[in-house]
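Numbering (this note's numbering), first residue to last: 1 to 166.
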């Protein structure tokens, strides 16, 4: 089983490319809900994802209803600055979906209102509107991975030229 990141109508190709790269690095599936603000084959998406984009488990949907229809019974967390609870207050199941909205407006409020219990936020100070989308995805994705003991991930690194024991 794998975690799932969902981008609802993403607008900026570089953000989606960066998120795709994070998904490849963590074995996470990426779901894109149309309309997209760019063509998936755009150079900016590929550049941000570097040569990893070809390894991405990518799913594209015509709209939110299509996404729900093709993922029946999915446990979905909705990331929004409007949420009453923090992302650290929930337990992310190892096969859950974490949805993020488009950069300019977030997830539509009608969807949020219908899913209040699974809306989560990243705390910020002052009147900040939001963090960058790819940063927000990274914060929540790695919390979900941590809660699931980084299942299947490499937990130690190796030096290239030297040894840790020298």
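Virtual Cβ for every residue (Gly too), placed ideally from N, Cα, C.
Quick caveat: nothing in here was measured; it's all calculated off a predicted structure.
Any idea if residue i is buried or exposed, counting beta-carbon neighbours within 10 angstroms, 16 or more meaning buried?
i, result
"residue 84", "exposed"
"residue 2", "exposed"
"residue 23", "buried"
"residue 106", "buried"
"residue 134", "buried"
Nearest CA to the CA of residue i: which residue from the options?
i, options, result
"residue 40", "81, 68, 146, 11", "11"
"residue 115", "122, 98, 104, 128", "98"
"residue 25", "159, 137, 52, 165", "52"
"residue 73", "137, 89, 95", "95"
Quick one: what does DSSP say residue i is sitting in, helix, strand or coil?
i, result
"residue 90", "coil"
"residue 101", "coil"
"residue 162", "coil"
What does the alpha-carbon distance come out to for the pair residue i and residue j?
i, j, result
"residue 93", "residue 144", "8 Å"
"residue 61", "residue 67", "6 Å"
"residue 28", "residue 4", "6 Å"
"residue 56", "residue 91", "25 Å"
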